[in-house]
Each structure stands twice: as structure tokens, then as C-alpha cells.
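Here the structure comes first, spelled out in C-alpha cells, and everything after it is commentary.
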Amino acid sequence: MTETIASLIGAIVGAIITTSFWFVQHRIEQKDVLNNERRQDKRELVKNIMRNRMDQRALCVELNQIPLTFYDDPQAKELYRKLLEPHDVATRDTILADLVNHLAETMNFDGEICPSDFSRGLYVE
Numbered sequence: 000m001t002e003t004i005a006s007l008i009g010a011i012v013g014a015i016i017t018t019s020f021w022f023v024q025h026r027i028e029q030k031d032v033l034n035n036e037r038r039q040d041k042r043e044l045v046k047n048i049m050r051n052r053m054d055q056r057a058l059c060v061e062l063n064q065i066p067l068t069f070y071d072d073p074q075a076k077e078l079y080r081k082l083l084e085p086h087d088v089a090t091r092d093t094i095l096a097d098l099v100n101h102l103a104e105t106m107n108f109d110g111e112i113c114p115s116d117f118s119r120g121l122y123v124e
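FYI, in numbering that gives the first Met the number 0 the residues of the sequence shown are 0 to 124.
Spelled out as C-alpha cells, the structure:
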């Protein structure tokens with residue numbers, strides 16, 4: 000009789016432990032998926048900023064996403080807020096280049112963005 004009770008308790012404890020490990024593993028996997036999605040969103044935003052740099056309207060839409068997408072990056076938010084202040088075109092382009100360089104560095108993109116990259120570009124007529 001005690002052997003039956005012991006085996007029953009063992010089965011119940013085994014099921015509880017297995018379920019607990021599965022739950023922890025599932026939560027870790029969910030967190031990894033969410034982190035990967037956030038990282039991908041950040042990379043896409045940096046790409047879109049460079050893609051739309053010669054289209055002021057589209058660039059503004061992309062730049063306005065920085066506080067939401069890079070909410071966990073104080074330097075990005077600081078450079079974004081600095082960009083909102085009134086500046087001459089050259090200063091604005093320098094701040095924008097600093098901002099994009101910071102974002103690109105955060106996302107491990109190689110290369111450096113120059114201020115002139117925001118004042119020059121290819122156009123199709």
C-alpha cells in the first residue's frame with residue numbers, strides 16, 4: 000500500500016516539476032521572441048530614416064517614432080529632443096547625423112553617417 004502511495008506521489012511531483020520547467024522555458028522563449036521583434040523594429044526604423052532622408056514628410060514620420068521605438072535609450076531620446084529645437088539647416092543636419100549614427104551604432108550597423116548625407120541624395124526625375 001505504501002509503495003502505491005509513494006509511486007502516486009512521485010508521479011504527481013514529477014508532473015508538477017515537468018509543468019513548471021515547461022512554463023519557465025515557455026516564458027523565456029516568449030521574452031526572446033519579443034526582444035527579437037523589438038530589435039527588428041529598431042533596425043527597420045534606422046533603415047527607414049536613411050531611406051527617407053530626402054523626403055522631409057516621410058522622414059518626420061520616421062523620426063517621430065524614435066521616442067516609442069527607442070524608449071529604453073536615453074541618449075537617443077536626448078538627441079531626438081535636441082533635434083526638435085530650432086536650428087539652422089547645417090546644425091540640424093549635424094544633430095540628425097549624430098542621432099542616426101547613435102541609432103546605427105546601437106543596432107550594430109557599420110559605417111558612419113555624415114551631415115552631408117542628409118543634404119544630398121539621389122533623385123529620380
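C-beta atoms are modelled at their ideal positions from N, C-alpha and C, and glycine is treated no differently.
Since the model is a prediction, treat every value here as computed from it, not as a measurement.
_Best match in Asp92, Thr1 and Glu2 for proximity to Ile48 [C-alpha to C-alpha]_ = Position 49 of the sequence shown holds residue 48. Checking every option, the nearest Cα to that of Ile48 belongs to Asp92.
*Counting only runs of 4+ residues fully inside the region 34 to 89, write out the alpha helix (DSSP H) ranges in chain order.*
55 to 62, 65 to 68 and 73 to 83
*What residues in its chain sit with their C-beta under 7 Å from that of Asn51, if we drop five residues either side in the sequence?*
Within the sequence shown, numbered from 1, the residue matching residue 51 stands at position 52. Once the five neighbours on either side are set aside, the close Cβ partners of Asn51 are Ala57, Leu58 and Glu61.
*In this structure, does DSSP put Asn107 in helix, strand or coil?*
By one-based count along the sequence shown, residue 107 stands at place 108. Of the three classes helix, strand and coil, the one that applies to Asn107 here is coil, per DSSP.
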